[in-house]
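Undergrad: Dumping the structure here so I can ask a few things about it.
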Amino acid sequence: MNEPVDLKINTSYCVPQCTDIISHIAGYIEESSNSEDFVLAVIDLKEYSGFDDFLAKAISSKRRNEYRKAISSGLYVRSLSVQERNDRRDELYAINTSATERQGEMSEEYFQYPPEVTESACRYHYHKTYGVFTPDNVWIGYIYLRFCGEFAATFRILGHAAYFGKGNFMLFLMLKMIEDLYLNQPEIRYLNYHLMYVGKPGLQEWKKNAGFKPVRFIAKS
Ligand SMILES: [Zn+2]
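Written as C-alpha cells, this is what we have:
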C-alpha cells in the first residue's frame with residue numbers, strides 16, 4: 107500500500123493513554139513497511155461500496171451460506187459496553203480457558219483472570235468488545251478491537267471451544283463486526299487481523315475466508 111495511514115485523524119480528543127495505542131499501531135505498520143516477512147492481514151473497507159458489496163465480492167458463496175445459517179439459527183452479535191464487559195468477566199474467562207491449544211499463539215494472559223478495562227475519552231483511540239451470543243444469551247466468542255485513527259486491529263479474538271463445530275460463529279462474529287464498521291464507524295478504512303502468514307494453516311485459511319488480504323504499509327511521517 108503506497109498510501110500512508112492516518113493514525114490520528116484528530117488529536118484534540120486525545121488523552122494520555124492514546125500515546126500507547128498510537129505507538130503500538132505505528133510500530134506495527136512501520137515494521138510492515140520495513141520487513142518483507144511482516145505481511146499484515148488487512149481488509150481495505152474502502153475497496154467496497156458497503157457491507158453488501160464486501161459480502162458479495164470478498165466472501166465465497168460457501169461462507170456466505172454459513173453467515174446466513176448463523177443468522178437463521180438465532181445467533182447474534184453486538185458490542186458490549188465497558189461496564190457490561192467488566193461485569194461479565196467470568197464468561198470472558200470461561201471462553202479464554204475453554205481450550206489449552208488454539209490455532210494461533212495462546213499467550214499466558216488468556217489464562218489469567220481478565221483485568222477490568224476502562225472507557226477511553228478519545229473518539230479516535232479506544233477499544234471496543236464485540237460478542238457473539240446464542241439465542242439464549244450465552245456469550246460464546248468475542249473480538250476485542252483496538253481503534254486508532256482510520257485503522258482498527260483485532261487485539262484479542264477467541265471463541266468458546268465447547269461450541270466449535272456448531273456453526274461458524276466466529277466467522278459470523280467477524281462479518282457482523284465488519285458490518286458495524288461500515289454502518290457506525292465510517293472513519294475506519296483498514297481492518298487488520300495480525301499477520302497473513304503466521305499461525306497454523308487453518309488460521310491462515312480462516313483469514314482468507316473472512317476477506318483478509320496480504321498488505322504492507324508505508325507509515326505516515
Ligand atoms: Zn486519541
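Residue numbers for the sequence shown follow the working numbering, so the first one is 107 and each next one is one higher. By construction, the Cβ of each residue, glycine as well, lies at the ideal position given by its N, Cα and C atoms.
Measure the CB-CB distance between LEU146 and ASN298 and report whether it falls below 8 Å.
TA: Going by C-beta atoms, LEU146 is nearer than 8 Å to ASN298.
Undergrad: From this set, GLU109, ARG208, HIS130, which residue's C-alpha is nearest VAL304's C-alpha?
TA: Nearest C-alpha to VAL304: ARG208.
Undergrad: I need the DSSP call for ALA227, collapsed to helix, strand or coil.
TA: Coil.
Undergrad: Evaluate the contact criterion for the stretch 234–249 versus the stretch 132–146: three or more CB pairs, one atom per stretch, below 8 Å.
TA: With a cut-off of 8 Å, the stretch 132–146 and the stretch 234–249 do not count as touching, because too few Cβ pairs lie within range.
Undergrad: Pull up the CB-CB distance for LEU160 and ILE324, whole angstroms please, since I reckon it's below 8 Å.
TA: Correcting the residue type first, residue 160 is Phe in the shown sequence and not Leu. Incorrect: roughly 24 Å between the Cβ atoms, too far for contact.
Undergrad: Quick one: Cα of LEU227 to Cα of TYR119, how far?
TA: It is Ala, not Leu, that sits at residue 227 in the sequence shown. Whole-angstrom Cα-Cα distance: 7 Å.
Undergrad: With a Cβ-Cβ cutoff of 8 Å, do GLY273 and LEU198 count as a contact?
TA: Cβ atoms of GLY273 and LEU198: not closer than 8 Å.
Undergrad: For THR117, is the beta carbon positioned less than 7 Å from some heavy atom of ligand 1?
TA: Checking the Cβ of THR117 against ligand 1 gives yes.
Undergrad: Ignoring anything shorter than 4 residues, give me the alpha helix (DSSP H) runs that lie fully in the stretch 108–146, in order along the chain.
TA: Counting whole runs of 4 or more residues, the stretch 108–146 contains the alpha helix (DSSP H) stretches 124–140.
Undergrad: What are the start and end residues of the beta strand (DSSP E) that includes ALA258?
TA: 257–265 is the extent of the beta strand (DSSP E) around ALA258.
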